[in-house]
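Residue numbers (our numbering): 1 to 328.
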């Protein structure tokens, strides 16, 4: 693509400041819709359940509809692996809302000097990944979201993961993150159900087990921590992901955050960040919900108690979050 790398839905008109390059030629395009790929034999396994963006382009007088995987994971080999025929999309959205990402203000992030509030971190400083290795902050940005915006897009309200719900003192305090922010889970249930030792699960898929969507939400600030590679860092004592750039979550950032990103990183670094792989496999919605309920049981709220006090470890063997030892 050529332009500001930010796709504008633009009410059905052409994107005003970005073009797509096809066989070396720049074309204007229209963002038509987003939708989720189905789980069937027409879709390569790694892309099942992934969101795609459909665009329309006029090439040599012919109207063409093209699509790409929104998170950038659609390699040429995977795209060549699609079966023939029409593919029905789930959750088709012809006017997709913004996607707000990352940690709410007040979150404790583990650093070489101990936990620090996310809003105090700066570019060039260090955080610790879950193995205790120092990781330099390549960029950190902030997006302020108003209560009016949350009323307009209620599905984007923050998710509260209850203190002590994953294991004793994990997380140490209620953790507030965006719905799409991913948590690292491990345990025998992960191995049995997923065939791997660790996976990412989006916070919004934990709301039937150990979390809830905040019902009323005032203005919130989301902080985005970009490292030189996608990694697992520690927030309120819980293993969570650092920022993994995608076209849609970039759309959800404030204009100031986008400008800051472009000032702090070279174009080649931004392009590289879009192309890098996730550090762990990520589960789609139905897989994540089944896993979370297998690990933690279904959440049953007592109407006489505050919801923030009802999360607890339910007796299954707890997830072993790896010890954090500062690597100085």
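In this text, a Cβ means the ideal position worked out from N, Cα and C, and glycines have one as well.
Every value quoted in this text rests on a predicted model; they were computed, and no experiment measured them.
Item to check | Residue range of the beta strand (DSSP E) that includes residue 110 | outcome: In the DSSP assignment, residue 110 falls within the beta strand (DSSP E) that extends over 108-111.
Next on the checklist: Under DSSP, the alpha helix (DSSP H) around residue 91 begins and ends at which residues?
Outcome noted: Segment 90-93 is the beta strand (DSSP E) holding residue 91; no alpha helix (DSSP H) there.
Item to check | Reference residue 343, options 51, 261 and 76, closest by Cα | outcome: Since the displayed the chain opens at 1 and closes at 328, residue 343 lies outside it and no answer follows.
Item to check | Presumed contact (8 Å Cβ cut-off) between residue 159 and residue 216, rounded CB distance | outcome: Rounded, the Cβ-Cβ distance is 14 Å, inconsistent with contact.
Checklist entry - Taking DSSP as the reference, what is the three-state secondary structure of residue 191? => result Here residue 191 sits in helix by DSSP.
Checklist entry - By the 10 Å Cβ neighbour count, where 16 or more other Cβ atoms means buried, how is residue 200 classified, buried or exposed? => result In this structure residue 200 is buried. Its beta-carbon is surrounded by 16 or more other beta-carbon atoms within 10 angstroms.
Checklist entry - Just how far apart, CA to CA, sit residue 18 and residue 25? => result Roughly 13 Å separates the two Cα atoms.
Next on the checklist: Under DSSP, the alpha helix (DSSP H) around residue 247 begins and ends at which residues?
Outcome noted: Residue 247 -> alpha helix (DSSP H) spans 247-251.
Next on the checklist: Taking the beta carbon of residue 306 as the centre, do at least 16 other beta carbons fall within 10 Å, making it buried, or is it exposed?
Outcome noted: A caution first: residue 306 carries a pLDDT of 32, below 50, which makes its placement in the model unreliable, though a value can still be read off. Flag for residue 306 reads exposed.
Checklist entry - How far does the alpha helix (DSSP H) with residue 262 in it reach, from first residue to last? => result Here the alpha helix (DSSP H) through residue 262 covers 255-264.
Checklist entry - Start and end of the alpha helix (DSSP H) containing residue 149? => result It spans 147-152 - the alpha helix (DSSP H) in which residue 149 sits, taken as one unbroken run.
Checklist entry - When you compare only the Cα positions, how much space is there between residue 33 and residue 55? => result Residue 33 and residue 55 have their C-alpha atoms some 7 Å from each other.
Checklist entry - What distance in whole Å lies between the Cβ atoms of residue 140 and residue 121, which are believed to be in contact at a cut-off of 8 Å? => result With a beta-carbon spacing of about 6 Å, residue 121 and residue 140 fall inside the 8 Å limit used to define contacts.
Checklist entry - If you draw a straight line from the C-alpha of residue 184 to the C-alpha of residue 60, how long is it? => result One C-alpha to the other measures close to 47 Å.
Item to check | Assumed close pair residue 219, residue 144 - CB separation to whole angstroms, cut-off 8 Å | outcome: For residue 219 against residue 144, the beta-carbon gap comes to about 7 Å, under 8 Å, which counts as contact.
Next on the checklist: If I measure Cβ to Cβ from residue 41 and keep anything under 7 Å in the same chain, skipping five residues before and after, which residues do I get?
Outcome noted: Setting aside the 5 residues that flank it on each side, residue 41 is surrounded in the same chain by 83, each with a C-beta closer than 7 Å to its C-beta; the list follows chain order.
Item to check | Close-in-space but distant-in-sequence residues of the same chain around residue 291 (CB under 8 Å, 5 per side omitted) | outcome: 185, 189, 190, 193, 194, 199, 201 and 283.
Next on the checklist: Just to confirm the assignment, what range does the alpha helix (DSSP H) spanning residue 287 have?
Outcome noted: Element bounds for residue 287: 285-296.
Next on the checklist: Please state whether the Cβ-Cβ distance between residue 123 and residue 103 is less than 8 Å.
Outcome noted: Note that the C-beta distance between residue 123 and residue 103 is not below 8 Å.
Checklist entry - Mapping DSSP to helix, strand and coil, what is residue 280? => result Three-state DSSP puts residue 280 in coil, outside helix and strand.
Checklist entry - Which of helix, strand or coil does DSSP assign to residue 115? => result Residue 115: strand per DSSP, three-state reduction.
Checklist entry - If we count the other Cβ atoms within 10 Å of its Cβ and call it buried at 16 or more, is residue 94 buried or exposed? => result Looking at its Cβ environment, which holds fewer than 16 other Cβ atoms inside 10 Å, residue 94 is exposed.
Item to check | Rounded C-alpha distance that separates residue 304 from residue 92 | outcome: A caution first: residue 304 carries a pLDDT of 33, below 50, which makes its placement in the model unreliable, though a value can still be read off. Each residue's alpha carbon lies about 39 Å from the other.
Checklist entry - If you follow the alpha helix (DSSP H) that residue 272 is part of, which residue opens it and which one closes it? => result Residue 272: member of the alpha helix (DSSP H) spanning 267-275, first to last residue.
Checklist entry - Just how far apart, CA to CA, sit residue 177 and residue 89? => result So the alpha carbons of these two residues sit roughly 27 Å apart.
Item to check | With 16 other Cβ atoms within 10 Å as the buried cut-off, status of residue 79 | outcome: Exposed: under 16 other Cβ atoms inside 10 Å.
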